[in-house]
Amino acid sequence: MIVFEAVSFTYPGAARPAIADLTLTIASASLLAVVGANGSGKSTLARLADGLLVPDSGRVMVDGIDTADEQRCWDVRSRVGLVLQNPDNQIVGTVVEEDVAFGPENLGVPREELRSRVSDALAVVGLTGLERREPHLLSEGQKQRLAIAGALAMRPEYLVLDEPTAMLDQRGRTDVLGVLDGLKLAGRGVVHITQDTGEAARADLVLALDAGSVAYLGHPAGLLGDASLMAELGLEAPPIQVIADELRRSGFTVPEVSTAEELVEALWR
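For what it's worth, our numbering labels the leading residue of the sequence shown as 198, then goes sequentially.
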């Protein structure tokens, strides 16, 4: 588990904490969505989770390892993979397989195991067959999946993704979300930071941050169904929820739904 224990963090010169007294547990085989307005602390939480940032007070524990322990920093980062919003900032190889191999190769992983890790990671994200493709020839969705593969090749127990679909079209977004669902089913803990409440609706739990503090932590339906809290946090309702609400006002009986597939199925009953 990744455990935040009363964690606070303030950037040098900032007027207020980016994260304030945050307590949170992230379990394996679970998908946690983190939402909030710009400046709410989402990206700071991601960097605290893998030890890129260390709390000013409180502590972050990754499978029992304190991220503030400088002697164990690589143990933390081998357990927590971080994927940023812009994949171009993480791609370092001249071809796909070189990029995926970069992390584990620098840890001294033996060549045979390295090949296995690269092959497995590319299979998970659906890029098998593109091993010798130059990254700049990939679509934006493929680049994001390549960044995820690079993190997966480190064999982390948890994957933290900071708005991985923000720069993608619908097809690329669907592909990446499918990868996240598969990772959860494979037993990995996934933290998906997003501004898209429709994406957050797919999660097991959703954490809403406001000025670095917890404004909501629970099932997605509890947040998405609270219009006043959503407005207070500057969050927009998912398009599917808006459509469902309009149908109810028109006299249709529509249950709570979170995806287009669920809405279609409800209307066909």
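Don't be surprised by glycine CBs; every beta carbon is placed ideally from N, CA and C. As the structure is a prediction and not an experimental result, all values here were calculated from the model.
Out of Ser225, Ala234, Ala215, state which residue places its alpha-carbon closest to the alpha-carbon of Arg250.
For clarity, residue 250 is Leu in the given sequence; the question names Arg instead. That would be Ala215, whose Cα lies nearest to the Cα of Leu250.
Which residue from Ser240, Thr362, Arg466 puts its Cα closest to that of Thr207?
Ser240
Let me check understanding here. Comparing Cα to Cα, which of Ala230, Arg352, Ile199 lies closest to Thr264?
Ile199
With a 10 Å radius around its C-beta and 16 neighbouring C-beta atoms as the bar for buried, classify Asp442 as buried or exposed.
exposed
What is the rounded straight-line gap between the Cα of Ile288 and the Cα of Ala348?
11 Å
Going by DSSP, which residues form a beta bridge with Ile437?
None, per the DSSP bridge assignment.
Go ahead and label Arg368 buried or exposed: buried means 16 or more other beta carbons lie within 10 angstroms of its beta carbon, across all protein chains shown.
exposed
Would you kindly work out how many angstroms separate the C-alpha atoms of Ala211 and Gly236, rounded to a whole number?
12 Å
Residue from Ala320, Trp271, Val454 whose Cα sits closest to the Cα of Leu304
Trp271
What does the alpha-carbon distance come out to for the pair Asp296 and Ser336?
16 Å
Assuming Leu228 and His389 are in contact, meaning their beta carbons sit under 8 Å apart, how far apart are those beta carbons, in whole angstroms?
6 Å
Limits of the beta strand (DSSP E) - the one that Phe201 falls within:
199 to 206
For Pro301 and Leu464, I'd like the C-alpha separation in whole angstroms.
49 Å
Report all residues from its chain with a CB closer than 7 Å to the CB of Thr220; omit the five preceding and five following residues, and keep chain order.
Phe201, Glu202, Ala203
Around the Cβ of Leu421, are there at least 16 other Cβ atoms within 10 angstroms (buried) or fewer (exposed)?
buried
Could you pull out every residue in the same chain whose Cβ sits closer than 8 Å to the Cβ of Leu374, ignoring the five residues on either side in sequence?
Thr362, Glu396, Arg399
Output the distance between the C-alpha atoms of Gly290 and Val259, rounded to the nearest integer angstrom.
29 Å
So if DSSP puts Leu279 in a beta bridge, which residue, or which two residues, is it bridged to?
Val357
Would you say Val293 and Leu343 are within 8 Å of each other, going by their C-beta atoms?
yes
With a threshold of 7 Å on Cβ separation, who are the neighbours of Leu311 within its own chain once the five nearest residues in sequence on each side are excluded?
Ala298, Pro301, Glu302
Rounding to the nearest angstrom, what Cα-Cα distance links Pro284 and Leu334 in this structure?
13 Å
When you compare each of Leu380, Leu406, Thr450 to Ala217 by their alpha carbons, which one comes out closest?
Leu406
Buried or exposed: where does Gly431 fall if 16 or more other Cβ atoms within 10 Å of its Cβ makes it buried?
exposed
Host alpha helix (DSSP H) of Thr241 (start-end)
239 to 246
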